[in-house]
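Participant: Heads up, our numbering is the position in the sequence shown plus 10, with the first residue counted as 1. Just passing along the structure, written as structure tokens.
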Amino acid sequence: MINPEHMCIQHILGEHRELHALMGSIERTKPGYKGFERHRNNIKALARDGYIELKSLKTRHEQLVGYLKNHNSPIEEVPTLEYIPKEVIEAEVNIEKSRKDLIDRPQACRPNGKCREKILNSENTR
């Protein structure tokens, strides 16, 4: 996952919100929830495409909140994963894809291009 130091506040806030949404989707993969198959399929697609890493969900949340002021939305323990396919549980974030997304979309940053600038500068200091 991208180091939050290399992200603008807009992307940190966005990823933080997505983590909470993901927690809700995990909960709604259980049979009995209306639309559980749709939630399960969405999570499968996110995992397949390298966008989510369930094993790091709580840790990632803690990393991000270190950059937020007045944070008051903790993530409880990850819900049971018994209805989540094994390949989703074992999926990892595709870091190179994430880096490319941030570099290729500078207009999505606040201030404009901040993530791109930080990522490219970090690559130059390796």
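Glycine residues also receive a C-beta, built at the ideal position from the N, C-alpha and C atoms. Note that the coordinates shown come from a computational prediction; the quantities given were computed from them, not determined experimentally.
#1: Using 8 Å as the threshold, is the segment 122-132 in touch with the segment 87-95, meaning 3 or more CB pairs across them?
#2: So, with DSSP's three-state summary, where would you put D111?
#3: May I have the straight-line CA-CA distance separating A101 from K79, to the nearest angstrom?
#4: So, are the CB atoms of I62 and L91 less than 8 Å apart?
#5: Rounded C-beta distance between H49 and C125? I'm assuming under 8 Å.
#6: Mapping the DSSP letters down to three states, classify E63 as helix, strand or coil.
#7: By Cβ distance below 7 Å, which residues in the same chain neighbour E25 in space, the five residues on each side in sequence not counted?
#8: Could you give the first and the last residue of the continuous alpha helix (DSSP H) run that contains S8?
#9: How far does the alpha helix (DSSP H) with A57 in it extend, from its first residue to its last?
#10: By a C-beta neighbour count over all protein chains shown, 10 Å radius and 16 as the cutoff for buried, is T39 buried or exposed?
Facilitator: In terms of the structure at hand:
#1: Too few Cβ pairs lie closer than 8 Å, so no.
#2: Of the three classes helix, strand and coil, the one that applies to D111 here is helix, per DSSP.
#3: Going from the Cα of A101 to the Cα of K79 covers about 30 Å.
#4: Cβ distance not < 8 Å, so I62 and L91 don't count as in contact.
#5: Not really, about 29 Å apart at Cβ, beyond 8 Å.
#6: Three-state DSSP puts E63 in coil, outside helix and strand.
#7: The answer, listed in chain order, is L74.
#8: Residue 8 lies beyond the residue range present for the chain, which begins at 11 and ends at 136; the question has no answer from this structure.
#9: A57 -> alpha helix (DSSP H) spans F46 to R58.
#10: That one is buried.
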